[in-house]
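Accompanying notes for the structure given below.
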Amino acid sequence: MQLKISANFVELYLNQTPCGLGPLAALLFGIKMFQEKILYVPSVDGQKRSNQNPVNYRSPASRNLKFTPISIKHDSIELKGWFIQQEQPTQTPTLIFFHENAGNLGYRLDYFEKYYYNLKCNIVAVAYRGYDESSGSPNQIGIQKDAIAIVRYVFTNLEIDKNNVFIHGRSLGGAVAIYAANFFQDSKKEKIRAIIIENTFTSINDVVNDLVPNLRVSNLLFSRNQWRSCDTIKNIKLPILFISSGQDELVSYNHMKKLIELSENCQNKREYHIVDGDHNSNWMKDEGAYFQNILLFFQSINN
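Counted from 1, the sequence shown has number 1677 at position 238 by my numbering; the numbering is strictly sequential.
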C-alpha cells in the first residue's frame, strides 16, 4: 500500500532529521500535492487492466460465469465493469460491489465466483474512474460521483428485482458504500435494502495517524481525500452487516469497532468478526462461515 510506504518514509524522516524543517516542509507539500497518487493504487505489478492478467483472471467468462459488460458514461468519463447474472436474474438478490483500493477487477474473480455460487445472487462490479478499463483519474469527489452513477445504472438499466438490491464495500469500497447508502437511503426509486461494510476505515486522517502518530498535519495533507465515514455513518438507517478482521495489517480493527459504535441510527446491525482474519484474504479463513453469515444477513432482511 503506497500510503503505508509514504507514512513509513515520513516517520523515518521525523526520527532522523531533528532540524530539517525546510526539507520536511517540502516533503509534506509534495505529499499534499500528489495525495491522489499516494492514496489510490489502480495498478499492481504493472497490470492495470483485467485483460493484462493471467488468462483465468481476465473476465467472468474465464470462470464460465454468465455476464454482460457494463459501460456507464457520466461526468465526461466512462466506467467499465460487469453484470454477473444468475440464470433467472429477476428471481434473486443483486449485489452492488464497491471494490478495494489496489488492482483491477480481474483479481477479484476468485471472490466473485465464490459469492456467486454461495449466495446465488447477481453481482454488479464496476471499476472506479482510473481503475481497470475505466477512464479518468481517481479522487474522492470523482469516486463518489461514480458510486451514484453505478447505483442509478443498476436501477435504470438492469433487468433485476429492484426491491432486492444490496451494497457490499470492502476496504476503500466500504467508504464508498457508506457514502452511497447515505445518498440513496431515502430514495423512492433507488431503494437499497441493506449494506455490508468490510475492513474499512473511519477516515483517511485516522489511518495516517495510526501509521505516523507524530504527524500532526495529516488532516491537511489529504484534505481532498478525507473519506470521513465516521461522520457519514451516523446518518445511516439502513440495516448494516459489519465484517471485521482481528489481524488486519492495513486498517486496525479499532476503525470497524468505532464505526459500529457510531452507527447510532441503524436499528438493525450485526457484526461478523474473523478473529484471525487479515485485510484482504479474511474470507478464505473459513469460507463456509463467511458466506453463511452474509446469507443469514440477506435472509434476515427479506423475512
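All C-beta atoms, glycine included, are put in the ideal place defined by N, C-alpha and C.
All of these numbers come straight from a predicted model, not from anything done at the bench.
Item: According to DSSP, residues forming a beta bridge with residue 1491; Value: DSSP, once it has assigned bridges, lists no residue as partnering residue 1491.
Item: Limits of the unbroken alpha helix (DSSP H) element including residue 1679; Value: That residue, residue 1679, is in no alpha helix (DSSP H); its beta strand (DSSP E) goes 1679-1684.
Item: Pair within 8 Å by beta-carbon distance, residue 1524 and residue 1561; Value: yes
Item: Exposure label - residue 1604; buried when at least 16 CB within 10 Å; Value: buried
Item: Identity of the residue in 1588, 1533, 1734 nearest residue 1599 by Cα; Value: 1533
Item: CA-to-CA distance, residue 1510 to residue 1498, given in whole angstroms; Value: 15 Å
Item: Pairwise C-alpha distance: residue 1719 and residue 1565; Value: 19 Å
Item: Residues near residue 1667 in its chain [Cβ-Cβ closer than 7 Å; skip 5 each side]; Value: 1642
Item: Rounded C-alpha distance that separates residue 1714 from residue 1698; Value: 18 Å
Item: Residue burial classification, residue 1485 (beta-carbon count within 10 angstroms, cutoff 16); Value: exposed
Item: Residues bridged to residue 1637 [DSSP beta-bridge criterion]; Value: 1609, 1682
Item: Residues that DSSP places opposite residue 1508 in a beta bridge; Value: 1521
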